[in-house]
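First residue of the sequence shown? That's 684 in the numbering used here, and the numbers climb one at a time after it.
Ideal placement from N, C-alpha and C gives every residue a C-beta, glycine not left out.
Inspection log for the structure reproduced underneath, given as structure tokens.
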Amino acid sequence: MNLHLSGPSNNLLKSHIEITGSKSESNRSLLLQALYPNISIGNISNSDDAKVMKKGLVISKGEVDIHHAGTAMRFLTGYFASQEGKNVVLTGSKRMTERPVKVLVEALRNLGADIEYVKNEGYPPIQIKGKKLRKNQVSLPADISSQYISSLLLIAPSLENGLVLTLVGKITSVPYIKMTLALLNQIGVETSFVGNIIKVSHKENIDPTALIVESDWSSASYFYSIVALSEIGSGIRLGAYKKNSLQGDSVIADIYEDFGVETSFLNNEIVLKKTRECELESLECDLSNAPDIAQTIAVSCLGLGIGCELTGLHTLKIKETDRLIAMYTELSKFGAIVTVTDKSLLLKPTSLLKSEVSIDTYNDHRMAMAFAPLALKTSFTINDAGVVSKSYPDFWGDLKKLGFQLQE
């Protein structure tokens, strides 16, 4: 499905949008529920990724295909490796077979896991024969995707000796690690994170526990972008969010203050309001703790006619696509002057935007959603727009509520 987008006829936006639970929190909660069945989960994500995670967790033998879901690939690798008697081949889309898993596989092997590569060394598909993992000490590079780290931490309480995980080097994506530990604490598991050493205690049984998943801040980021590109006085209410979020992407609220967007917390909602014009010439931002909002911010800057220098983006090369190269290609279509390295993006201020271009999405949900707010400034087409179902199936319907014009 290709969608032609143009902005609302009246730019002054007012609406209430309900966003389902965070994909990151949902998949962590689902894995913990598989280990401890007396956990109940509320406000679970309706994303494709959460659906394949849920489906994968109940398979004991044969092939488990997680399609494009990187989180499910990493989390299920740890889960199946630690479950005695399970024997599966974990695989996914063509892009998934190009995304490395070697660091995680080596760590699990060091704990005693039985994992073999089916085709290419270091990449899915992988054959996993589940067994009891009795070793409890392992190390990982600290600057890798936090999903590798969380995969180990999530299974740690089910290991008979718990886990002592040493992170080597400078740690990135700390909020995602803390999210995992906070969820473990919520179900009664003792943890500690001091310096570069994380300890998780063994927990045989837990009391019945209800986990309520907070709505997804990554999904909220696109509405921050919409409000930033709207007229002064525009606003959107989003549910359901809390002030002390576990999600690293909640930093979006602070970043968009520089764009004139004010965030208010009201009960379990956030209210976004455009209170002033952006006065920046360029934005400098280290996103090593929240790389998933880089695309949103870059597009906002393009639409506002300001520059940006975004750093800490080294994990974007191994996402659904190489997001840095993809952003260079697609931003350039609008006439942007953009430079990327393997860990940064530099955008020069641009006053005139080209219109009627076609944006490619590369099987990447965030490419589609990050560019959509730009329809407030120019009309264009998004190719393969249905890719948003990976994390936010209701996205285009919610844009229609705001008055965006969408034509297939």
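Taking the Cα positions, LYS956 is about 19 Å away from LYS1083. The three-state reading of DSSP puts ASN770 in strand, counting E and B together. At the C-beta level, ASN819 and VAL847 come within 8 Å of one another. The C-alpha of LEU1085 is placed about 6 Å away from the C-alpha of SER698. Between the region 829-837 and the region 804-814, the count of C-beta pairs closer than 8 Å stays below three; the two stretches do not touch.
Between the C-alpha atoms of PRO808 and VAL741 there is a straight-line separation of about 19 Å. Counting only runs of 3 or more residues that sit fully inside the region 947-995, the beta strand (DSSP E) segments are 952-957, 965-969, 990-994, in chain order. Per the coordinates, the alpha-carbon of ALA1055 lies some 29 Å from the alpha-carbon of ASN950. Here ASP932 is buried: its Cβ has 16 or more other Cβ atoms, across all protein chains shown, within 10 Å. In the structure shown, the three-state DSSP call for SER698 is strand. The three-state secondary structure of GLN1090, taken from DSSP, is strand. Note on geometry: alpha-carbon atoms of GLY995 and LEU715 lie some 30 Å from one another.
Between LYS1000 and ILE1042, the beta carbon gap of about 20 Å keeps them out of contact (Cβ cut-off 8 Å).
Assigned with DSSP and collapsed to three states, GLN869 falls in helix.
Between the region 862-877 and the region 911-918 there are fewer than three C-beta pairs closer than 8 Å, too few to call the two in contact. Comparing alpha carbon positions, the residue from LEU993, VAL944, LEU1036, LYS737 closest to GLU962 is VAL944. With contact defined as three or more Cβ pairs closer than 8 Å, the region 760-770 and the region 721-730 are not in contact. When the beta-carbon positions are compared, GLY704 and SER901 stay at least 8 Å from each other. Within the same chain, and ignoring the five residues on either side of ASN793 in sequence, the residues whose Cβ sits closer than 6 Å to its Cβ are VAL821.
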